[in-house]
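The sequence shown begins at 53 in the working numbering and counts up by one. First comes the structure, then the notes that go with it.
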Amino acid sequence: MNRGSEINMIKIDVEKCIGCGQCVKDCFPNDIEIVYGKAHVKNVACIKCGHCIAVCPKNAVSIDEYSMEDVKEYNKEEFFIDEDNLLNFIKFRRSVRQFKDKEVEEEKIRKIIEAGRFTQTGSNMQDVSYIVVREGLEKLKILTFDVLKEIGEQMLSNLTPETMRFKNYAQMWIKMRDSYEQNPKENDRLFFNAPIVIVVTASSEVNGALASSNMELMTNALGLGTVFSGFFVRAARRSKKIREFLGVEEGKQVITCMVIGYSDVKYFRTVPRKEANISWL
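Here's what the structure looks like:
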């Protein structure tokens, strides 16, 4: 017997609910009210953000559309991260371009994607998708090399003061495929012989970028290395053939490409950066 009052996506267990109003206060769309001493979802503006689930002291709220197995009870020991350790972790990360000839376990790939899946999105759109390329990596490289060479040739044939700063890149892109075919192991300047790439797509560029940032943190936490391939993103946005090969969904664009593997280089310290440009108003 269902003891809750089901309203489309949200369930309020009326026997657990104590009418404290915490869900009402924390509901940004103002879609919850107290009726006869119990929380009631109006289901007019709900964006399924889950704040009502997280804030309820009696665990009286659930969402039918999602798996409630995702929900974990907070405890400080498992959830707390020391701020100085976190800052050092961020400072120590490096973009890795040397990878071991070693496969990445599927369990680790899924954890990286989980870090993206639970990243915030605007209006709780949850519009981010993940394309893991392993078996098709060689074909994806060749497709990308071809497009980059085309971009480079077009750029060099029509240099302007604005594009002159990309001249070196254009020349590099033209040479990349030929160099790779001559010696794939030594001249993979695209994916650096990494065993997988994860292409992040989204309808919102901000949502995809935020997810990618958290995914990078998880990659490092798992003892892996990664580099974001801006070359690939440029080629993929230019080429319908690449997007069709990847199966990019209609209405989404390629946001990032994470080249991932076990690092074959060891770093011993952090590096300096420019002073922060801060305006206090």
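C-beta: ideal position from N, C-alpha, C; glycine also.
Query, Result
"Check whether the segment 293 to 308 and the segment 244 to 260 are in contact - that is, three or more C-beta pairs closer than 8 Å.", "yes"
"On the DSSP bridge list, what partners appear for M310?", "I250, F280"
"Buried or exposed: where does A167 fall if 16 or more other Cβ atoms within 10 Å of its Cβ makes it buried?", "buried"
"When you compare the CB positions of I294 and V184, do they come within less than 9 Å of one another, or not?", "no"
"What residues match up with F218 in a beta bridge as DSSP calls it?", "F218 is not bridged to any residue."
"Report the residue from G102, A112, Q172 whose alpha carbon sits nearest the alpha carbon of C69.", "A112"
"Need the endpoints of the beta strand (DSSP E) that V87 sits in, please.", "84 to 87"
"So, helix, strand or coil for I330, using DSSP?", "coil"
"How would you label Y182, buried or exposed, when you count the other beta carbons within 10 angstroms and need 16 or more for buried?", "buried"
"Alpha carbon to alpha carbon, how far is F284 from R384? Give it in angstroms, no decimals.", "With the chain covering 53 to 333 only, the question about residue 384 has no answer from this structure."
"Return the residue from the list E327, S209, Q74 that minimises the CA-CA distance to K110.", "Q74"
"State the Cα-Cα distance for the pair I59 and A97, rounded to the nearest angstrom.", "With a pLDDT of only 44 at I59, under the threshold of 50, the placement of this residue in the model should not be trusted, and no figure is reported."
"Three-state secondary structure (DSSP) at D316?", "coil"
"Pull up the CB-CB distance for T278 and I312, whole angstroms please, since I reckon it's below 8 Å.", "5 Å"
"Where does Y314 land, buried or exposed, given buried means 16+ other C-beta within 10 angstroms?", "buried"
"Quick check on DSSP: helix, strand or coil for Q234?", "helix"
"DSSP state of Q305, grouped into three classes?", "strand"
"Helix, strand or coil: how does DSSP classify F151 here?", "strand"
"Return helix, strand or coil for A91, following the three-state DSSP convention.", "strand"
"Check whether the segment 156 to 174 and the segment 256 to 267 touch, using three or more Cβ-Cβ pairs below 8 Å as the test.", "yes"
"Just to confirm, are I142 and L274 a CB contact at a threshold of 9 Å?", "no"
"What are the boundary residues of the beta strand (DSSP E) that S114 is part of?", "113 to 115"
"Given a cut-off of 9 Å, decide if F197 and L242 are closer than it, judged by their beta-carbon atoms.", "yes"
"Going by Cα to Cα distance, which pick from N82, K292, Y126, N140 is closest to T322?", "N140"
"For D122, count neighbouring Cβ atoms within 10 angstroms of its own Cβ and tell me buried if that reaches 16, exposed if not.", "exposed"
"For K110, name the three-state secondary structure that DSSP assigns.", "coil"
"From the DSSP output, in three-state form, read off V184 for me.", "strand"
"If we count the other Cβ atoms within 10 Å of its Cβ and call it buried at 16 or more, is G299 buried or exposed?", "exposed"
"Would you call the CB atoms of I105 and L189 closer than 9 Å?", "no"
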